[in-house]
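Trainee:
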Amino acid sequence: MRCLAYSLLTLSLFFATSSRSNAADAKKTPPPSKIGFRQLVTFKPAAVQQGDKRTIQLHSSYTLDGTHSVFFDQPGINMKFTEPKPKAAPRRGRGSVGTPFAFEIDVPKDQPTRIYECRVATDQAVSSVSHLLVTPYPVIEEVEKKDNNSFDTAQPVTVPSTVCGICEKSEDLDCFKFTGKKGQEITLQVYAQRVTEAIHTMQTSNVYLMDSILTLYGPQKQIIAQNDNFVKSDSLITFKLPADGEYVFEIRDARYVGTGKYAYCIEVSDTPFVYHTMPLAVQKGKTAEVALQGHALKGQTKATLSAANAKETGWAQRTLKTSAGQTNAVWTLVSDNPQVTAPGTNISTKTAFPLTLPVGVSAQLGEPEQTHYYSFKTKKDQYYFFQLMSNRIELPLDCVMQIYDDKGKAQRIYVNGGANTEADDGLKTKDAEFYFKAPADAEYFVTVRDLHDRGGPRFTYHLSAQLSGPEFEVHGEYYYAQIAPGTNMLWFAKVKRLNGFDGPIEMNIEGLPKGVTLEPVTLPPGVNDCGLILKAAKDAPINASLVKITGKAKVPGPDGKEREIVREGNITCEIQSRGGGQARWPIHTSIVGVTKPLDLLEVTATPSEIVLKPGESAEIKVKIKRSEVYKDPVTLATSFMYFNSKFGEQLPPGVTLSKKSKTRLAGDTLEGTLIIEASEKAKPIKRFPFAAMARVGITFSITTNYASNVLYLTITDSEGKDKLAKK
105 MRCLAYSLLT LSLFFATSSR SNAADAKKTP PPSKIGFRQL VTFKPAAVQQ GDKRTIQLHS
165 SYTLDGTHSV FFDQPGINMK FTEPKPKAAP RRGRGSVGTP FAFEIDVPKD QPTRIYECRV
225 ATDQAVSSVS HLLVTPYPVI EEVEKKDNNS FDTAQPVTVP STVCGICEKS EDLDCFKFTG
285 KKGQEITLQV YAQRVTEAIH TMQTSNVYLM DSILTLYGPQ KQIIAQNDNF VKSDSLITFK
345 LPADGEYVFE IRDARYVGTG KYAYCIEVSD TPFVYHTMPL AVQKGKTAEV ALQGHALKGQ
405 TKATLSAANA KETGWAQRTL KTSAGQTNAV WTLVSDNPQV TAPGTNISTK TAFPLTLPVG
465 VSAQLGEPEQ THYYSFKTKK DQYYFFQLMS NRIELPLDCV MQIYDDKGKA QRIYVNGGAN
525 TEADDGLKTK DAEFYFKAPA DAEYFVTVRD LHDRGGPRFT YHLSAQLSGP EFEVHGEYYY
585 AQIAPGTNML WFAKVKRLNG FDGPIEMNIE GLPKGVTLEP VTLPPGVNDC GLILKAAKDA
645 PINASLVKIT GKAKVPGPDG KEREIVREGN ITCEIQSRGG GQARWPIHTS IVGVTKPLDL
705 LEVTATPSEI VLKPGESAEI KVKIKRSEVY KDPVTLATSF MYFNSKFGEQ LPPGVTLSKK
765 SKTRLAGDTL EGTLIIEASE KAKPIKRFPF AAMARVGITF SITTNYASNV LYLTITDSEG
825 KDKLAKK
C-alpha cells in the first residue's frame, strides 16, 4: 500500500474548522466513567452541495458536547457545533444510530466534489471517522414519516439533484419520481457503502454495509433499468429515456435488510457522466488529450487533461470541461514519470508492449479472457517495483500480476514482504503491487489479467513501473489519541522492511497539537516495532489536530548514491466485526487531542533505566492514579493484544513480558509489576524507549491505552559490555 501514502494521502491536506459550543458557559453533560473516543455514525443528510450553508446533523454514540474543532481531510469546509444546550448521548449498542447533534456547515463553491472523511474533537475526547459527500447538485432530503415505498407514493424530486435518505428498517424501500423527456440521458449514482464504510459501529447482527439495488421504472410502471454493485456495492444506472412522462427510481438493500445507519445519497443528473478517461494519467508539466468513456456526452468524447501548472502529483477526482458541460469528478493521475497508452493488442509475449522505466501505462482489458504482456530489460540484482490501480479508482478489475522469463517460467516476486509467484489483493482492495529482483541481465515479461477472466470498457487500469531498491513501509495502531495535560498516551508503529533494507529508521509525527511532543525513537537494524509515546505538557491547552506519521531513512538509490526517503504511515481504523471482534479498514486521517482529565490521572513506572544481559530479567513497578468515578479493572502490558491477536509491540526482538507479571489492577489495587526478560538471543540495543501501558476497557472491543513515563531499555553483551557505546 506504499502508493496510498504518496497518492491518495498526499491529496489529503489536513484541515480543521474550530468552533465553541453555544453552551460554552452552561453546565456540561458529565463525562462517563469510561472515557472512550466519540463513535461517530452518519450525517443527516449525508451530502451538502457546493456553495451551500446549512444546518446538518451528525449522529454519535457518545455526547459531542464541548466540540471545539471539526476536521476534514482536505481544506475548505467549515463546520461549527450549534447545539444550544448540553445533550447526553448514551451508547445503546451496535444497532443504534446514535444521537443527532446540530452543526452549521459552510461549503465553498469551488470545493472539490468527492467524499470527505470527518473527525471531531471535544474538550473530553476525539472521534472516530464519518463521511460526507460534497455534491454539485441541490440536496433533497427524504421526507420523514411519509410513505414513499411505491410508485404511486414516490416523493417528487428535480433533475439535477442529490437525494439523501435512509433505509431504516427491514424490507424498507424508498421511491422518488421525476419528470423526464424523450431522449434525455439520465444518470442515477448511489453513494451508500462509500459514505458509511469506515464507521465504527456499522456492524448490525450479521449485516455490515448496505448493498444497494437501484431500479428505474418507466411511465407505465414497467422496469426499464436495474443495477447492483457498480462501484463496490453501490449502484449506478445510466439510461436514455424512451418517452416523455413520469419516471420513478427505487432504492433498497439487495437483502431487504435495513438500519437507521443505512444512509444513502443518489445523484440524479442529465449532465455528462464519465466512468474513466483514456489515458488515465498525465505527466506533471504536460497536457494530454484524453478519450472519455461515459454517458450523456452528446458526442463529445474528447477532453483535455492538463498538468501544465500542477504543483502536486497523485491521484485525485477531477472534473473535465466539454462542450456538453462539466463532467462529474473522475479519477485521474498527475505523475512525475512519463506516461504511455498500451494498444490492447499486447496479448502475448510476441506482441508484448515494451516498457522503458520509469513509466506509467494506461490500458484496458477490452475482451474477456485477455492477458496483457509488457516486456522490460533488467540488470542482475536490480529491484523493480510494479503497482496497478483500478479498484481503488472505482473500476472493477480484480487484477492478478506475474513475471515470466523468455521461456515462460514464472519468477519469484515479493508481495506484502513475502515471496510468491503472483500478486493479488491488497488491504480492502483488488489492486496489486510487488517488487521483483532480477536474477540476471535479461528480458522479462510482466502480465496483467482479471482474476475472473472478465473484460470490457470499464476494465481499465494504470500500471506504474520503476526502478527500486532497499525500501520500507510504515504500519501500526495510530488511529486516534486523547491525552490530558501532564500525561502520556501510547501508539504503536511497525515497519515492513523490503528488498534487503536493514538500516535505521527514524519515526516522526508531524502536526501534533500544541503542548504535545513525541518521544524520539529510531528503529535500529533488526528492530521493526516500537511504541510512539505521546507526551502532553502540564500546561498544554485543550486543542486537537490531524497528524501524519512518517518513517525516515537513508538508502542507496538505483544509481548507488545514498538518498533520504520518507514514507507515510498507512492508517487503518477500528471497526466492529461480527461477534463483537475487531477488524481494520484503510482511512486517510489520524487525530490527536488534548483533553480534560481522563479515567487515569497518572501512570508511573520505576526504574526508568533498565540494563540487561542476555538471559536476565528486570522488574518494573507500575502505579496508577484513578479519577474519582473510574472503578473498573486496569490491565498493564507492554504490547497491544486483542485476545490472541497482537496489534502492537514495543519491546525489541528477544525481549518479552514474563507471565509472572502482575498485570490486573482491580478494586483498591493501584500497583502492579511488569517483568521483562531478555532471552539468550537478545541483541544489543541502547536506551530504546518504551512505556508501561495501562489499558482501560471502554467496550468489549475498545480500549484506551495510557502510557507511563518513558522507560529506556539497554541490552548489553553477555559480559555486560555496551558494544554500542564503543561504536
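When the count follows this note's numbering, it moves up by one through the sequence shown with no breaks and lands on 831 for the last residue.
Backbone N, C-alpha and C fix where the C-beta goes; we use that ideal spot for every residue, glycine too.
#1: Using the Cα positions of I724 and R196, report the straight-line distance between them to the nearest angstrom.
#2: Do L594 and M611 have their CB atoms nearer than 8 Å?
#3: Measuring only the C-alpha atoms, how far is D606 from G661?
#4: Assuming R496 and T533 make a contact with CB atoms under 8 Å, what is their CB distance in whole Å?
#5: Cα separation between F343 and S427?
#6: For D295 and D332, I'd like the C-alpha separation in whole angstroms.
#7: Thinking C-alpha only, which one of G389, Q397, H566, K390 is nearest H380?
#8: Please state the DSSP three-state secondary structure of N253.
#9: Pull up the DSSP beta-bridge partners for H566, would you.
#10: Determine the direct distance from the alpha carbon of D633 to that of E823, and round the result to whole angstroms.
#11: Going by DSSP, what residue range makes up the beta strand (DSSP E) through M593?
#12: For Q161, does the three-state DSSP call read helix, strand or coil?
#13: Candidates E784, A385, T676, R730: which alpha carbon is nearest V463's?
#14: Indicate the three-state DSSP secondary structure (helix, strand or coil) for V233 in the structure shown.
#15: Enumerate, from N- to C-terminal direction, the unbroken alpha helix (DSSP H) stretches of 4 or more residues contained entirely within the stretch 683 to 718.
#16: Check each candidate in T391, F747, V759 and name the one with the smallest Cα separation from P383.
#17: Tell me, please, which residues DSSP counts as bridged to S439.
#18: In angstroms, rounded to a whole number, what distance separates the CA positions of E720 and D502?
#19: Below 8 Å on the Cβ atoms is my contact criterion, and I expect G559 with E471 to pass it. Report the Cβ-Cβ distance as a whole number of Å.
#20: Going by Cα to Cα distance, which pick from N441, D256, F280 is closest to V267?
#21: DSSP three-state label for R422, please.
#22: Short check: CB of H163 to CB of T146, under 8 Å?
#23: At a cut of 8 Å, does the stretch 209 to 225 reach the stretch 276 to 291 through at least three beta carbon pairs?
#24: Should V201 and K365 be called a contact, given that it needs their Cβ atoms to be closer than 8 Å?
#25: Please identify the residue among R730, T203, T482 whose C-alpha is closest to the C-alpha of P190.
#26: Which of the three DSSP states, helix, strand or coil, is assigned to V261?
#27: Suppose you measure from the CA of A128 to the CA of L704; what does that come to, to the nearest Å?
#28: Leaving aside the five residues before and after K402 along the sequence, list all residues of the same chain whose C-beta is less than 7 Å from its C-beta, in chain order.
#29: If the criterion is Cβ atoms closer than 8 Å, does the pair T654 and E614 meet it?
#30: Is DSSP giving R356 helix, strand or coil here?
#31: Ignoring anything shorter than 3 residues, give me the beta strand (DSSP E) runs that lie fully in the stretch 474 to 549, in order along the chain.
#32: The beta strand (DSSP E) that contains S749, what's its start and end?
#33: Along the chain, where does the beta strand (DSSP E) containing R730 start, and where does it finish?
#34: Using the Cβ count rule (16 or more neighbours within 10 Å means buried), how would you classify D510?
#35: Taking the alpha-carbon positions, what's the R158 to D210 distance?
#36: Note down, in chain order, each residue of its chain lying with its Cβ closer than 6 Å to the Cβ of F489, except the 5 sequence neighbours on either side.
Mentor: This is what the structure gives:
#1: 39 Å
#2: no
#3: 14 Å
#4: 5 Å
#5: 21 Å
#6: The sequence as given places Tyr at residue 295; Asp does not occur at that position. Taking the straight line joining both Cα atoms gives about 12 Å.
#7: Q397
#8: coil
#9: S466, M493
#10: 26 Å
#11: 592 to 602
#12: strand
#13: A385
#14: coil
#15: none
#16: T391
#17: Q387
#18: 51 Å
#19: 5 Å
#20: F280
#21: strand
#22: yes
#23: no
#24: yes
#25: T203
#26: coil
#27: Residue placement at A128 is poorly supported in this model, since its pLDDT is 42, which falls under 50; the coordinates still yield a value, given next. When rounded, the distance between both Cα atoms is 25 Å.
#28: A428
#29: yes
#30: strand
#31: 475 to 482, 487 to 493, 503 to 508, 517 to 519, 522 to 524, 537 to 541
#32: 749 to 752
#33: 721 to 730
#34: exposed
#35: 7 Å
#36: Y539, Q570, S572
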